[in-house]
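So for the sequence shown, the UniProt record's numbering puts the first residue at 1; every next one is plus one.
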Amino acid sequence: MAGGMVRERIELGVGLDGPARARRWIEGVCATCDVGDLSDNASLLVSELVTNAVLHARTGCVVMAEIDGDTLRVDVIDGAGDTTAVAPGVERLGADGGRGLVIVDVLSTDWGVAEHAEGKSVWFSLRAEVPSGHSNAPATPTLRLVRS
């Protein structure tokens with residue numbers, strides 16, 4: 001696992017290649033910082049959040065990763081300030097989308113949304129697996145709205 005705190009960031013434009021670029025970037029961050037066991041989930045979750053920024057905020061975004069010990073936190077900051085629309089949806093039969101935040105809610109250790117100077121930040125955290133018989137995940141996923 002990573003020894004000290006590491007912070008990385010990437011700026012993504014409004015283009016449809018943003019989710020793929022974010023996936024490749026977070027996979028590299030995880031490999032470099034020795035938290036490769038988090039890479040698959042981190043890649044999926046960052047892709048979902050960047051896709052939301054591209055489709056709904058319609059702005060570029062900044063993706064920031066912070067690794068502290070066994071915990072990875074990823075923030076996706078976009079230019080849309082409306083935090084009220086960020087909540088897991090109810091899957092509609094036959095719908096093509098609407099599952100991204102449900103996936104984030106299920107796979108992350110924790111996640112939330114916060115107002116940010118440039119708009120809003122939707123974030124998730126993942127913790128590395130611990131030995132069998134131990135749990136580091138909360139009993140139920142939580143959503144926190146932080147106003148700063």
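Ideal placement from N, C-alpha and C gives every residue a C-beta, glycine not left out.
Taking all protein chains shown into account, residue 18 has 16 or more neighbouring C-beta atoms within 10 Å of its C-beta and is therefore buried. Residue 57 counts as buried, since at least 16 other C-beta atoms from the protein chains shown sit within 10 angstroms of its C-beta.
Rounded to the nearest whole angstrom, the C-alpha separation of residue 111 and residue 68 is 16 Å. Secondary structure of residue 126 (DSSP, three-state): strand.
Secondary-structure assignment with DSSP links residue 17 through no beta bridge to anything. Contact between residue 7 and residue 66 holds, with the beta-carbon distance rounding to 5 Å and staying under 8 Å.
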